[in-house]
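First comes the structure, then the notes that go with it.
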Amino acid sequence: MIYIDVTDLILWVRRKSTVTGIQRVHINYAVNALDHGAQCLMFYGRECRDVALVSNEFVRFMGDVLSSRVKMDKRKFFEMCPNARLFPWPDYSQKYAHRPVKYWLHTVGGHLRFHTQRWLFERPAQSPDFKPGDALLSIGRDWTMEGYVANIQRLKDRYGIRPQLFLHDMIPIPGEKQAGTAKRFLTFVTDAFKTFDRFFTSSDYNRGEIIKYMHEFVGYEKPVVKLGFGQNINAMGLAPTALPDGLEPGRYLLCVGRVAASKNQIRLMKAWHKLVQAGADGGVKLVLLGELSGSYREFHDYLKDAKALDGKLILLEKASDQLLNTLYQNCLFTVFPSTIEGYGLPAAESVAYGKFCLASNATSIPEAAGIYADYFDPYDEAEMQAKLSHYLSDRAALQAREALIKTANIRTWAEASSELIERASLPVGAS
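Quick note: to get the working numbering, add 137 to the position in the sequence shown (first position is 1).
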């Protein structure tokens, strides 16, 4: 039997009905794996010590919510999975390591909430019938849950299961000296290297990084398997929604991704600003679709001062998959300027929509879009500006790129999930 942990998805959908890259990958793997007989489960309780099966119907409902096929219904959500109300056991030891008063106050408050919710909402749930050799796949942001790896080790020791982890990237590691998420991720990865039997990832770039850190942190290597993602988003096929005010079909460029320093929208914005000032934008607008990081001060400041961009740059912080589907369908082409990625899903999705992508040549991004994109150095604003200008002014060049994309073999999430289940079913030594 193959089990897929959907704890992170449950915690996410409980709060939000739009997705980032990891949640999109997680829900697509989970929903499509059900067709191969996989079962989904969730962890809850102190240090994730409690584990329960969740129904296929509930997993598909989460998929429908995240793909905009149905609206979120909290009552139905908690009726289908009552224990989804339970928060994980809170840990503030890293966040407030040097602030003992705050640590004590938050710890007491967090534990009171934890026990109160458990007393009010916990319901009996069916436990998995683990057998030796069963595979347990962890695909989400499991480093955010206190005690996660230790509990996986307990299950491994008790039942003889084969835990396997999908590592999306190692990006936080260089920032491990920072407080918060980076330190937590470092601890998680170091422990995971010891506990999990097999690792999956989405690019050769990631695979090299993972193996490098395995040797650095634990001194040995375990199997790391590269698997390709699907390129289709679940909202494909839905009736298109209206474009946001001010946008017309074929009259805007689309940049998808969280607006943050590593995503490099600041250089894209500066290059775009110069094109606008030179009158070389061709009457086209630039749409940035993604949640804006509050710490991205350079972006905030530049956008505030760049008056020439008024009406020429549109920031959409929240969008349903249905709107994302519409934006992809109607854009002129897409731009993806990120400086570091574990994969580069927006570049791959652009190809699936038949849209040319002008992308960064950094890290794994060329693996995501291959020959169907054109590339630039993400640190070179002049090159970025020149290539934007080229494809805006030379429509024959753009049409040639679009013709090439029509020859692409688009990989579906059903195909990607089938491969994941097949590889996870193999004995570890067969990797």
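Quick reminder that beta carbons are idealized off the backbone N, C-alpha and C, glycines included.
Are the Cβ atoms of residue i and residue j separated by less than 8 Å?
i                 : j                 : result
asparagine 288    : glutamate 259     : no
isoleucine 451    : proline 386       : no
leucine 412       : serine 530        : no
tyrosine 140      : leucine 178       : yes
cysteine 218      : phenylalanine 251 : no
tryptophan 550    : asparagine 369    : yes
tyrosine 350      : serine 501        : no
tyrosine 512      : glutamate 486     : no
phenylalanine 337 : phenylalanine 303 : yes
glutamate 459     : serine 264        : It should be pointed out that residue 459 corresponds to glutamine in this sequence rather than to glutamate. No, Cβ-Cβ distance for glutamine 459 and serine 264 is not below 8 Å.
lysine 85         : threonine 155     : The requested residue 85 is not part of the displayed model; the chain covers only 138 to 568.
lysine 524        : glycine 491       : no
glutamate 504     : serine 340        : yes
glutamine 301     : leucine 257       : no
leucine 203       : isoleucine 164    : yes
Could you give the DSSP three-state label for residue i: helix, strand or coil?
i                 : result
glutamine 263     : coil
proline 269       : coil
tyrosine 528      : helix
aspartate 145     : helix
serine 205        : coil
alanine 189       : strand
tyrosine 140      : strand
leucine 292       : helix
threonine 253     : helix
valine 156        : coil
valine 361        : strand
threonine 338     : strand
glutamine 459     : helix
valine 355        : coil
serine 555        : helix
methionine 217    : helix
arginine 161      : helix
arginine 222      : helix
arginine 299      : strand
methionine 199    : helix
tyrosine 181      : strand
glutamine 466     : helix
phenylalanine 473 : strand
Assuming residue i and residue j form a contact by the criterion Cβ under 8 Å, report the distance between their Cβ atoms to the nearest whole angstrom.
i              : j             : result
arginine 395   : glycine 427   : 5 Å
cysteine 392   : threonine 471 : 7 Å
leucine 453    : valine 424    : 6 Å
methionine 138 : lysine 268    : 7 Å
isoleucine 276 : tyrosine 181  : Contact flag wrong, Cβ pair sits at about 18 Å.
Quick one: is residue i buried, meaning 16 or more other Cβ sit within 10 Å of its Cβ, or exposed?
i              : result
isoleucine 508 : exposed
asparagine 546 : exposed
tryptophan 149 : buried
arginine 161   : buried
glutamate 582  : Here the chain comprises residues numbered 138 to 568, so residue 582 is not present and cannot be evaluated.
threonine 253  : exposed
arginine 236   : exposed
serine 192     : exposed
tryptophan 409 : buried
glycine 367    : buried
proline 474    : buried
tyrosine 480   : buried
histidine 352  : exposed
arginine 299   : buried
aspartate 145  : buried
proline 483    : buried
valine 421     : buried
proline 515    : buried
arginine 434   : exposed
glycine 158    : buried
valine 565     : exposed
glutamate 559  : exposed
valine 326     : buried
proline 357    : Rather than proline, the amino acid found at residue 357 in this sequence is tyrosine. The residue in question, tyrosine 357, is exposed, as its Cβ has fewer than 16 Cβ neighbours within 10 Å.
leucine 440    : buried
alanine 329    : buried
arginine 278   : buried
valine 168     : buried
valine 111     : Since the first and last residues shown for the chain are 138 and 568, residue 111 lies out of range.
serine 457     : buried
Output yes if chain D places a C-beta closer than 8 Å to the C-beta of residue i; else output no.
i            : result
arginine 250 : No chain D appears in the structure shown, which is made up of a single protein chain.
Going along the chain, which unbroken runs of the alpha helix (DSSP H) with 4 or more residues stay wholly within the segment 302–333?
-> Those alpha helix (DSSP H) runs which fall completely within the segment 302–333 and span 4+ residues are 318–332.
Complete beta strand (DSSP E) runs within the segment 490–535 (minimum length 3 residues, chain order) | 494–497, 510–513
Along the chain, which unbroken stretches of the beta strand (DSSP E) at least 3 residues long are found entirely within the segment 388–422?
-> 389–393
Sequence ranges, beta strand (DSSP E) only - wholly within the segment 425–457, length at least 3 | 450–453
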